[in-house]
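Visitor:
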Amino acid sequence: MQMCCWSRLSITGRAKEYDDWFLRLGRYDRGEEATRRWFEQVEEVRGALRSLPLDEKNIVELAPGTGLWTEELCDRAAHLTAVDASAEMNALNRERLGERARDVTYIEADLFEWDSAEVFDAVVFCFWMSHIPTSRIVGFLSKVARMLTPGGTVFFLDARKEHTSTAKDHILPDDNEEVMTRRLDDGREFSIIKNFWSATELEDKCQRAGLEVHVHETKDYFQFGIGTRR
Ligand SMILES: C[S@@+](CC[C@H](N)C(=O)[O-])C[C@H]1O[C@@H](n2cnc3c(N)ncnc32)[C@H](O)[C@@H]1O
Numbered sequence: 001m002q003m004c005c006w007s008r009l010s011i012t013g014r015a016k017e018y019d020d021w022f023l024r025l026g027r028y029d030r031g032e033e034a035t036r037r038w039f040e041q042v043e044e045v046r047g048a049l050r051s052l053p054l055d056e057k058n059i060v061e062l063a064p065g066t067g068l069w070t071e072e073l074c075d076r077a078a079h080l081t082a083v084d085a086s087a088e089m090n091a092l093n094r095e096r097l098g099e100r101a102r103d104v105t106y107i108e109a110d111l112f113e114w115d116s117a118e119v120f121d122a123v124v125f126c127f128w129m130s131h132i133p134t135s136r137i138v139g140f141l142s143k144v145a146r147m148l149t150p151g152g153t154v155f156f157l158d159a160r161k162e163h164t165s166t167a168k169d170h171i172l173p174d175d176n177e178e179v180m181t182r183r184l185d186d187g188r189e190f191s192i193i194k195n196f197w198s199a200t201e202l203e204d205k206c207q208r209a210g211l212e213v214h215v216h217e218t219k220d221y222f223q224f225g226i227g228t229r230r
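Here the sequence shown is numbered in our numbering, starting from 1 and rising by one per residue.
#1: With a CB to CB cut of under 7 Å and the five nearest residues on each side skipped, what residues in its chain are close to residue 151?
#2: Can you list, in chain order, the residues of its chain whose CB lies under 6 Å from that of residue 159, leaving out five sequence neighbours each side?
#3: With DSSP collapsed to three states, give me the class of residue 137.
#4: Just how far apart, CA to CA, sit residue 196 and residue 126?
#5: With a threshold of 7 Å (Cβ to nearest heavy atom), would residue 197 be considered close to ligand 1?
#6: For residue 11, collect the residues of the same chain with a Cβ closer than 6 Å to its Cβ; drop the 5 residues on either side in sequence, then sort them by chain order.
#7: Please tell me whether residue 72 and residue 133 are closer than 8 Å, where the distance is taken between their beta carbons.
#8: I'd like to confirm the pairing. Which residues does DSSP put opposite residue 129 in its beta bridges?
#9: If the criterion is Cβ atoms closer than 8 Å, does the pair residue 80 and residue 74 meet it?
#10: By alpha-carbon positions, which one of 148, 55, 62 ends up nearest to residue 78?
#11: Whose C-beta lies closer than 7 Å to the C-beta of residue 22 among residues of the same chain, with five residues either side of it excluded?
#12: Using DSSP with H/G/I as helix, E/B as strand and the rest coil, what is residue 142?
#13: Please list, in chain order, all residues of the same chain as residue 169 whose beta carbon is under 7 Å from its beta carbon, the five residues on each side excluded.
#14: Just the Cα atoms here: how many angstroms apart are residue 70 and residue 147?
#15: Going by C-alpha distance, which of 92, 25, 120, 82 is nearest residue 57?
#16: For residue 119, does the three-state DSSP call read helix, strand or coil?
#17: To the nearest whole angstrom, what separates the beta carbons of residue 226 and residue 48, a pair I think is in contact under 8 Å?
#18: For residue 175 and residue 24, I'd like the C-alpha separation in whole angstroms.
#19: Can you tell me which of the three DSSP states residue 113 falls into?
#20: Beta carbon of residue 157, beta carbon of residue 224: below 8 Å?
#21: Is residue 39 helix, strand or coil when you go by DSSP?
#22: Applying the 10 Å Cβ sphere with the 16-neighbour rule, what's the burial state of residue 53?
#23: Looking at the unbroken alpha helix (DSSP H) that takes in residue 218, where does it start and where does it end?
#24: Which of the three DSSP states, helix, strand or coil, is assigned to residue 224?
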């Protein structure tokens, strides 16, 4: 088994499988009832994102991946910047957006190294924070705060610890563990960082980083934070 960071994993094949996870296909199909609940809760999150004041704003999306959320943001932003470490993910993102990708500035960079030269009205990141080691999370959130104009909006989304969220043959990490084995469709296995924090732990980490955030949870699957820079 190989130990790797998420971006390396995406380059080695996960990029193609990523949408299967979100769309509940193949090994991620946990039955009709679970799929119905999943998409109901996706819509709840989408509704929350749509209620935010993002129209005509200068937005940055961190780790946008294949663009499942980039589409939403691109249609509303005055300008959208998308920063992902994986060239393959950026390419899939462009493909999904089609003509609209012309309005997006794509940056290929490691978010732990990258520092933005500009400040944004909003910073959005989905299903990325759980892949950050605990020791680096407040540092990352502080970087988010520095990217934001005072009063600017932060929105993040991640998975709750629910075993039907992941593939049938994946085992989520035990409490106090942050590494799990991720198996690809072709059978290769990688150890990846996967953290689950409670809503209050996340709110506290945001507070320490200079962000006032309220973390909401859907019934089973998702956890999302909405807030502003102090
Ligand atoms: C789980 S995916 C989430 C994609 C997308 N936000 C979504 O919700 O569909 C995580 C993304 O983080 C990117 N990533 C992993 N490590 C990174 C790093 N150090 N810097 C920037 N992006 C990274 C991966 O390439 C991948 O696109």
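Ideal placement from N, C-alpha and C gives every residue a C-beta, glycine not left out.
Guide: Looking at the coordinates:
#1: 228, 229
#2: 165
#3: helix
#4: 14 Å
#5: No - ligand 1 has no heavy atom lying nearer than 7 Å to the Cβ of residue 197.
#6: Only weak support exists for where residue 11 lies, its pLDDT of 43 falling under 50; the coordinates are left without a value.
#7: no
#8: Its beta-bridge partners do not exist; DSSP assigns none.
#9: yes
#10: 55
#11: 68
#12: helix
#13: 27, 183
#14: 18 Å
#15: 120
#16: coil
#17: Contact between residue 226 and residue 48 holds, with the beta-carbon distance rounding to 7 Å and staying under 8 Å.
#18: Computed Cα separation, rounded: 25 Å.
#19: coil
#20: yes
#21: helix
#22: With fewer than 16 other beta carbons inside 10 angstroms of its own, residue 53 counts as exposed.
#23: No alpha helix (DSSP H) contains residue 218, which DSSP labels as neither H nor E.
#24: strand
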